[in-house]
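Quick notes on the structure that follows.
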Amino acid sequence: MRWENLSAEPDDHGRTDPALFGADAVITRTFDTPEFRGITFHEVRARSILNRVPGASRMPFEWTVNPYRGCTHACVYCFARKTHSYLDLDTGLGFDSQIVVKVNAPELLRRQLGSRRWQGEHIAMGTNVDCYQRAEGRYRLMPGIIAALRDHANPFSILTKGTLILRDLDLLTDAARVTDVGISVSVGFTDTELWRTVEPGTPAPERRLDVVRTLGDHGIGCGVLMAPVIPFLSDHPAQLRATVRAIAASGATSVTPLTLHLRPGAREWFMAWLEREHPHLVRRYERLYADGAYAPKWYQRRITRQVHELAQEYGIGPARAGMPRRIREPEPAPPTAPEPTQLSLI
Ligand code: SF4
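Numbers 2 to 347, taken from my numbering, label the letters of the sequence shown in order.
Right under this line is the structure:
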């Protein structure tokens, strides 16, 4: 495995532990509990936690924080699968079950935010893998990360499919009083049968929409990234309507559709799944994605237009998912703290 980019950082007293460098930097753990059975966690001390997005990227943000690599949510289409190959890990089942945990992420971020060189730019999370995947229930890295961002009044956004985010509702509310906080939840479709096979480790779409509702009830506007819309499986007009209607009912501030893309790493895994589950669609996919990772522009435009028309019909605001929002006025404290959220709803 190539772990050197994840290896040791001096601790708060300037010490470094030689045992944390190279392959020795990795402590491997398994937990014999139902939600973590079959999953291996590789605990590492990262050297740096603020990642600069390459200039050529199409992403609307420049800095990201990713406390995990690999994702037990196990979406068959996940574009981040390829990144596991950089660690010489398998991009299929290995991506779903070999999880790298940057155990020093909160302390490292706090230190980097305090550096005189840091300019307080917006930080996006959940852009590579989900920071509220099941592992977060055990490692609890996000509370320290959000607290550091709040204490430095540093704007940030989170994109997630994880209902576990509600565990940190109080912290998010605190942060939103002092800086811009943007939360987006990803819900590509509400078809339960499709969800079970294509996103087998994620909370059900309805539970994710409950997150949107709860955040809104606490004054944190939440957008929905309607992603991915999966050609021939979730793009029927009736399916799009049902999904947008459910999103509107959750009180989402925006809906942004995104058609499935199939980059190397994700493509092979998705097509193998398609061959098993929907073999009659393989040829249609080969034609639709003949030019590469993206569906043709005409198809993407059609989906976008349909979703925007439905959003207008159901009264969802203009697409602004991922845009930071701040609570301008102090909100009254919620009457009761939310219950800890179920980690796995599969
Ligand atoms: S939740 Fe996101 S990061 Fe995790 S597997 Fe699914 S698409 Fe990938």
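We put the CB at the ideal spot given by N, CA and C, even for glycine. Everything numeric in this text was worked out from a predicted model, so none of it was measured.
Where residue i falls, given that 16 or more other Cβ within 10 Å makes a residue buried
i, result
"D131", "buried"
"G378", "The chain is shown only over 2 to 347; residue 378 falls outside these bounds and no answer can be derived."
"H237", "exposed"
"A57", "Any answer about A57 is weak, because its pLDDT of 49 lies below 50 and its placement is not dependable; what the coordinates show is given next. Answer is exposed; the Cβ neighbour count stays below 16."
"H123", "buried"
"T215", "buried"
"K103", "buried"
"R151", "buried"
"V230", "buried"
"R318", "Looking at the sequence itself, residue 318 is Gly, so the reference to Arg does not match. Classification for G318: exposed."
"S187", "buried"
"Y87", "exposed"
"T198", "exposed"
"Q313", "exposed"
"D97", "buried"
"A253", "buried"
"S235", "buried"
"P350", "Nothing can be reported for residue 350: it is not among the residues displayed for the chain, which extend from 2 to 347."
"T260", "buried"
Separation of residue j from residue i, as counted between CA atoms
i, j, result
"G217", "V77", "30 Å"
"Q301", "S116", "42 Å"
"R118", "R112", "11 Å"
"E137", "L172", "15 Å"
"S255", "T305", "13 Å"
"A291", "R268", "12 Å"
"Y315", "V245", "8 Å"
"T34", "V283", "37 Å"
"L170", "R135", "17 Å"
"D181", "A125", "12 Å"
"M60", "H281", "34 Å"
"W274", "M227", "21 Å"
"C223", "P156", "15 Å"
"H279", "L289", "15 Å"
"I50", "I147", "14 Å"
"R326", "E276", "Only weak support is given to the placement of R326: the predicted model assigns it a pLDDT of 44, under 50, and the value that follows is read from those uncertain coordinates. Using only the alpha carbons, I get a separation of about 42 Å."
"R141", "C79", "23 Å"
"Y286", "Q307", "21 Å"
"D91", "T84", "10 Å"
"T174", "I248", "22 Å"
"T31", "F37", "7 Å"
"P258", "N129", "18 Å"
"F233", "M272", "14 Å"
Residue i Cβ short of 7 Å to ligand 1 heavy atom set
i, result
"C72", "yes"
"V130", "yes"
"A81", "yes"
"A177", "no"
"T92", "no"
"Q301", "no"
"T29", "no"
"K298", "no"
"A75", "yes"
"E36", "no"
"E200", "yes"
"K162", "yes"
"Q134", "yes"
7 Å Cβ shell around residue i - same chain, five flanking residues per side excluded
i, result
"G127", "I159, L160 and T161"
"R53", "E63 and W64"
"L311", "L241, R242 and V245"
"V212", "T164, I166, L167 and V186"
"P265", "K83"
Residues near residue i by beta carbon distance below 6 Å, same chain, minus five either side
i, result
"H262", "A294 and Y295"
"G93", "W270"
"P335", "At P335, the pLDDT of 32 sits below 50, so the modelled position is not reliable and the matter cannot be decided from this model."
"H43", "V27, T29 and V101"
Ligand 2 heavy atom lying under 7 Å from the CB of residue i
i, result
"S235", "Absence of ligand 2 from the depicted structure is noted, with ligand 1 being the only ligands included."
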